[in-house]
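Chains A and B supply the protein sequences, listed in that same order. Each residue of the first sequence is one higher than the one before, counting from 157 in this note's numbering. Each residue of the second sequence is one higher than the one before, counting from 19 in this note's numbering. All C-beta atoms, glycine included, are put in the ideal place defined by N, C-alpha and C. The next block holds one structure in the form of structure tokens; read it before the comments.
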Amino acid sequence: MKLPAEYWYLHTARARDLTGREYWLYRAFEVLPAVLSYGTLALFVFFAFKKPVWAAYLTIIFAAYWFFKTAYLSIHLRYNFKRMRHNMQINWREKLHDLPQTPARAESHFTHMVMLPFYDEPYEVLEESIRSYANAEWDPKSIILILASEEKAGSAAQETAGRIKEQFGDTFLELYVTVHPAGRSGEIPGKGSNLAYAAEEARKNVLDARGLPYEHVIVSAFDSDTVVYPQYFACLTYHVRSEENALRASFQPVPLYNNNIWEAPMLSRVIAYSSSFWQMIQQERPEKLATFSSHAVIFKPLYEAGYWQRNMVSEDSRIYWNLFVRYDGDYKVVPLAFPVSMDANVAPTFWQTARNIYKQHRRWTYGVENVPYILFSCLKNPRIPLEKKVRAIFFQVEGFWSLATHPLILFAIGWLPMFVGGSAFNATVLSYNLPFIAKSFLTAAMFGLVVSAAICMYLIPDPPQGTGRVRKAMMVVQWILVPATMVIFSSIPGLESQTRLAIGRYLGFWVTPKSRETAV
Amino acid sequence: MQPLSPIVRRLYLALFMLLFAAMLPAVIFYADGWRYKPGFGFVRTGGVYIGVPFADADVSVNGEHIGRSGFLDRSFYLGDLAPASYTVRVERENYRPWTRQLTVEEQLVTDARALLLPIEITPVHLMLATSSASVDTETIRIVPRATLTEYATIFAATTTASSTIPIDEQEGIGLFLERGTLLARWIQENSFPPSQFCERPSSCVDTIVVEDTARVTAARFFRGGVVYATEAGEIHFVEADVRPSPIHMLFFSAPRPDIRIIDDALVVKSGTNYYEITL
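This is the structure:
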């Protein structure tokens, strides 16, 4: 579908897609997040040297703010945990019949289309994911599975697709394999371009061929390792049906990383659950929620927005902003408070795992590329209400700014006055009280981790047979790593992403390696 | 189960913002040393910081025991002190008690490093093996000839000292000899001197008169204090500190002594004899 002319900027990925004044405007917006983050850190360092008393006050204010923010967010996390636990106990198929005009056979109302893009992941990863769709409490004959492969991945990927087709070809309403051609102009290699290509192929060759109305097709865009819980499709259908205007909403499950959690090292587990917890918190703050990782949307708006962007990295969150702009701010994310399960990062060695986690988080924090997009689109689209513009801009800018700066200030730079403040500052009561007060707030804030550890223990699947007590105990102990992981895997990749965006060294898509232990 | 309602969320947000806004000024004032003292209302307090060189030393302030140093924990911070003068005392078995009169001022911390000296300090005479002395005793140590030759070379080397060039220097403090008077001077012009130069935290000098009654011939920093030799043949150890009451003790007497610090030990040369003092 050709986009309406007034939305000519809808798929802008970066400044170099534009020319003239618009180029410079977008470029300025690209630089803004880095200026804010580095400016904040530089200001702190400047104060630490020149006005250590001010820097000490700021550190105390930050520590207190952190404590209250953690307490506030913990309430959301705890509530979402309760809600998710509640939702997982519901029989959504039966509950569907509570809604008016639900036919006796709920499946007849909507068709689910699962988009499963993959690159070179082994057969076992895909097989586990697809089996979960087939075994879900939803008739697989009303599910279309689009297996979106990449030409660039070579013949091995096509062999994998062939094996999947052979095994599951008759299970679903249709299993359609697409092969995304390499080197298409206007695209960067990655999930977004693959998904967009597959969606258009599916539209022409599956939906149109079967005469399925676009507004009755619910698309679940998954990762290759996304495993669903049995009630996922019923829960999603319920939320779509009960939504007043489902054509103006995306639907977001909670990403858990449970598939291989018992194989993952401690570092990987902490990071995985921290990501899940952040998404759980956001589920209770839907006005701040954008789509992330695995998400769902009805095909019609997806088609009208031109699918996922083919020319950028963070296609999962960008599709929400595309739709937000395309429908002039009349678009939202509906939190499902229902999980899907994916893989935590596991590599053969600890250092490889750490490197993979870093790269994955760099990709996630590269979502900062949405900031210039939102700013630019808000300028270009006068139909978006001002309040929505302000809120969208503020939440995004503040989010990426705090992600990159707060952990560094709290756990590193904030303590600088004590070392560089000079003898005059070191002779003040303030310099002696600073570590005590800041530490007290941070320690109190860390009690939120107790909540996290307790929730984590409930969410993890049962351990495999033979799992030792030490390993089980480590599931609790692991949370002491949080301060370090916040700096190393949030702040630093966050700053790197913002730097890349600012200096125009744009990030390409990096496929997180996935594997399965297979019996010999 | 419905999502957390916007009203409840706003209430939580308002509550936490209120708590943050109410608590923050109190925390800032607390950090700055403000305390409530019954009968006096809100007063600005100061603090005392004591560094102790060894474990198992007892620290008291105005006669009140505040703690005992441990293997790792060898510093004590006592805050919430009203501006006044405080007597700090550090005691350890087999060591001389260390006492200091410290003035506490508003919002400032007065610090001091306790200097603990053993009660018994015995100079050891360094000798070559002879028929009458061939084994070490409490007061004699047999050393090879090479050691004494090396010491002779060290003592033969002279250092240039003047009113601008110190005879010894340590941590930004220079020792100067001016017409037989021994001075300790803070020589880092662009920074504040350490607390031993400050009668109280807000009033510091840049020079401490270490000795001005006896005529000093040589001086060196040694083990946190200053050791010096006089024309009268005495070796003294003293703390360079303007606050009452710095340690001052006579280590040793010998005719026309000269001193050097060699391998962390004080070596005294008197004529052709060498003596060593370790603490």
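Could you work out which residue in the options is closest to residue i when comparing CA atoms only?
i	options	result
Q119/B	N80/B, A170/B and L126/B	N80/B
Q435/A	E419/A, P421/A and P409/A	P409/A
K515/A	P649/A, G346/A and A601/A	P649/A
V161/B	E109/B, F173/B and L146/B	L146/B
T140/B	A32/B, T155/B and S221/B	T155/B
S23/B	E443/A, G318/A and F324/A	E443/A
G243/B	R92/B, L134/B, A272/B and H143/B	L134/B
A161/A	M613/A, K536/A, T584/A and L233/A	K536/A
P591/A	V553/A, P573/A, S579/A and G604/A	P573/A
I302/A	I569/A, A292/A, W294/A and I320/A	I320/A
R113/A	P421/A, D472/A, P528/A and Q465/A	No answer is possible for residue 113/A: it lies beyond the span of chain A, which begins at 157 and ends at 676.
L197/B	R86/B, V227/B and E124/B	It should be noted that the sequence gives Arg, not Leu, for residue 197/B. Cα-wise, what sits closest to R197/B is V227/B.
R62/B	A232/B, V127/B and A202/B	V127/B
I246/A	F597/A, Y394/A, W520/A and L214/A	Y394/A
F58/B	P101/B, A272/B, I84/B and V66/B	P101/B
V26/B	L586/A, S430/A, R359/A and Y228/A	Y228/A
K206/A	A493/A, V576/A and D295/A	V576/A
E252/B	R241/B, V260/B and T231/B	T231/B
How many whole angstroms separate the CB atoms of residue i and residue j, which I take to be in contact at a CB cut-off of 8 angstroms?
i	j	result
A237/B	L200/B	5 angstroms
I427/A	P617/A	About 18 angstroms; that fails the 8 angstroms criterion.
F218/A	H562/A	7 angstroms
S406/A	L255/A	Their Cβ separation, rounded to whole angstroms, is 20 angstroms, which puts S406/A and L255/A out of contact at 8 angstroms.
T521/A	S450/A	Contact doesn't hold; Cβ gap of about 19 angstroms is too wide.
Y275/A	E306/A	5 angstroms
Helix or strand or just coil, what does DSSP make of residue i?
i	result
H83/B	strand
Y292/B	strand
I417/A	coil
G192/B	strand
M19/B	coil
I25/B	helix
Y289/A	helix
F255/B	strand
F378/A	coil
T599/A	helix
T63/B	coil
S406/A	strand
Y385/A	coil
Y275/A	coil
T655/A	helix
F237/A	helix
E322/A	helix
R261/B	coil
F94/B	strand
V70/B	coil
V676/A	Because the pLDDT of V676/A is 38, which lies under 50, any placement of that residue in the model is unreliable, and the question is left without a value.
L663/A	coil
S103/B	strand
W248/A	helix
W635/A	helix
L331/A	strand
According to DSSP, residue i sits in a beta bridge with which residue or residues?
i	result
I299/A	H268/A
V285/B	R278/B and E294/B
S221/B	R218/B
L268/B	H254/B
M145/B	I160/B
G578/A	According to DSSP, which records beta bridges pairwise, G578/A is partnered with nothing at all.
T176/B	Beta-bridge pairing links T176/B to no other residue.
Y246/B	A237/B and H254/B
I644/A	DSSP, once it has assigned bridges, lists no residue as partnering I644/A.
D129/B	Y67/B
R53/B	V61/B
V227/B	L201/B
S78/B	H83/B and R107/B
L412/A	S497/A
Verify the contact flag: residue i, CB atom, against every heavy atom of the ligand ATP, threshold strictly below 6 angstroms.
i	result
F645/A	The ligand content of the structure shown is nil, which means the ligand ATP is not present either.
What residues of chain D sit near residue i, judged by a beta carbon separation below 9 angstroms?
i	result
R239/A	In the displayed structure, chain D is absent; the protein chains listed are A and B.
>> Could you tell me which whole alpha helix (DSSP H) segments of length 4 or greater appear in the stretch 157 to 234 of chain A?
In response: 176 to 206
> What alpha helix (DSSP H) runs, 4 residues minimum, are completely inside the stretch 500 to 572 of chain A?
Replying inline: 506 to 521, 526 to 536 and 542 to 567
> What are the start and end residues of each continuous alpha helix (DSSP H) run of 4 or more residues lying completely inside the stretch 429 to 498 of chain A, in chain order?
Replying inline: As summarised for the stretch 429 to 498 of chain A, the continuous alpha helix (DSSP H) elements at least 4 residues long and confined to that stretch are 455 to 460 and 471 to 482, given in chain order.
>> Could you tell me which whole alpha helix (DSSP H) segments of length 4 or greater appear in the stretch 333 to 371 of chain A?
In response: Fully enclosed alpha helix (DSSP H) runs of 4 or longer: 347 to 358.
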